[in-house]
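Undergrad: Provided herewith is a single structure, encoded as structure tokens, for subsequent inquiry.
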Amino acid sequence: QPPQPMQPSEISRIAASSDMTTTEKDLAFLDVLGRIGRQLSELSHAIESGSRASTSTPLSYSFLAEIIAFCAQAVVAVDLIDRAAADGACSMKPIVVTVRDAARSLESRACTLTASL
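Below, the structure is given as structure tokens:
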């Protein structure tokens with residue numbers, strides 16, 4: 537079962553926190569981006585191993601649908617971070633773009649595989 541990306545409310549809570557410095561917020565956002573990136577990587581490996589003909593656990597429609605939903609949620613989360621971190625101390629644009637592109641690429645691959653089931 538694919539993990540859930542950080543909920544938009546949690547990202548908004550970090551952005552709105554008056555207890556955190558700008559640097560602490562940046563670090564929290566980087567942590568979230570790292571977690572989403574690792575989850576995307578794990579799901580990508582699961583898709584690649586599951587799409588091989590010799591595998592004992594072929595990909596199911598429901599698993600691919602869950603991956604597509606995860607990727608869509610990940611893009612929303614990354615976009616929220618992009619907006620919230622815009623006034624941060626460091627530029628997260630390269631990381632944001634990388635994670636967003638990875639989510640869209642994985643979503644596209646899952647959609648292609650779904651169509652072939």
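According to the working numbering, the sequence shown is numbered sequentially starting from 537.
Built from N, CA and C at the ideal position, the CB exists for glycine as well.
All of these numbers come straight from a predicted model, not from anything done at the bench.
(1) Closest to L579 by C-alpha separation, out of T558, A601, K561, L566, would be which residue?
(2) Is DSSP giving R588 helix, strand or coil here?
(3) Tell whether a beta-carbon distance below 7 Å holds between L616 and I550.
(4) Kindly indicate the opening and closing residues of the alpha helix (DSSP H) around L649.
(5) Return the Cβ separation of I572 and R645 in integer angstroms, given the expectation that the two are a contact with Cβ distance under 8 Å.
(6) Give the single residue among T557, L566, M556 whose Cα lies nearest to the Cα of D618.
(7) Going straight from the alpha carbon of P630 to that of C647, what length do you get?
(8) Report buried or exposed for Q575, applying the criterion of at least 16 other Cβ atoms within 10 angstroms of its Cβ.
(9) Using a threshold of 7 Å, state whether the C-beta atoms of R636 and V614 are closer than that.
(10) Thinking just about the alpha-carbon of each residue, which of T559, T650, E560, G570 is nearest to the one in F599?
(11) Which whole-angstrom value is the C-beta distance of L563 and V632, which I expect to be below 8 Å?
TA: In this structure, then:
(1) The residue with the shortest Cα to Cα distance from L579 is A601.
(2) Correct three-state label for R588: coil.
(3) No, they are not a contact pair.
(4) 629 to 651 is the span of the alpha helix (DSSP H), which, as asked, contains L649.
(5) Here I572 is actually not in contact with R645; their C-beta atoms are around 17 Å apart, not less than 8 Å.
(6) Comparing Cα-Cα distances from D618 to each of T557, L566, M556, the minimum goes to L566.
(7) If I take the Cα positions, the gap works out to 26 Å.
(8) Burial call: buried.
(9) Closer than 7 Å, so yes.
(10) In this structure, T650 is the residue among T559, T650, E560, G570 with its C-alpha nearest to the C-alpha of F599.
(11) A Cβ-Cβ separation of about 15 Å leaves L563 out of contact with V632 under the 8 Å criterion.
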